[in-house]
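Now the structure itself:
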């Protein structure tokens, strides 16, 4: 099963970064604005809600490890979105994986590119230089 993987250095402590990757409010600062609670999970809406991903936090070990399982979506269903934070003298190394894809499709490749952009938005939000979320509630496509 293929995985998307990224690593990025963030000049901030894990305690600052963790809420950005382990909460709906955190996601709203760098990922998407269309976020709603749903039966103990979080739903993220994309492209005027044409796509909705429901994520459930399966591993919550602040401030070092958050693992979300996706419960919806043709290709995302059953995948894991994993954030591991490593405290370093110069900040934090964030290791990211979107793991457990069934195959490497065109959508997988597209998501890999998108996750790369999202890592830089997450870094900016954590370092106090927010660029805002990539996906806005009323957008037909990301900006």
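Residue numbers (this note's numbering): 4 to 146. Note that CB positions come from ideal geometry on N, CA and C, so glycine has one too.
- Going by DSSP, residue 126 is part of the alpha helix (DSSP H) stretching over 109-129.
- Proximity to residue 101 across 121, 92, 94 peaks at 121, based on C-alpha coordinates.
- Shown here, residue 71 sits in a strand according to DSSP, grouped into three states.
- The beta carbons of residue 59 and residue 74 sit about 6 Å from each other, so the pair counts as a contact at 8 Å.
- Judged by DSSP in its simplified three-state form, residue 40 adopts strand.
- Check the Cα spacing between residue 4 and each of 83, 30, 69: the tightest is with 83.
- Between residue 88 and residue 20, the CB-CB gap stays under 7 Å.
- Following the DSSP letters along the chain, one finds residue 56 inside the beta strand (DSSP E) bounded by residues 54-64.
- Note on residue 8: under 16 other CB atoms within 10 angstroms of its CB, so exposed under the neighbour-count rule.
- Beyond the five residues adjoining it in sequence on each side, residue 108 comes within less than 8 Å, by CB distance, of 78 in the same chain, given in chain order.
- Comparing C-alpha distances from residue 10 to each of 119, 92, 128, 46 shows the shortest one belongs to 119.
- Apart from sequence neighbours up to five positions away, the residues of its chain that approach residue 15 with a beta-carbon distance below 7 Å are 94, 95, 129, 130, ordered along the chain.
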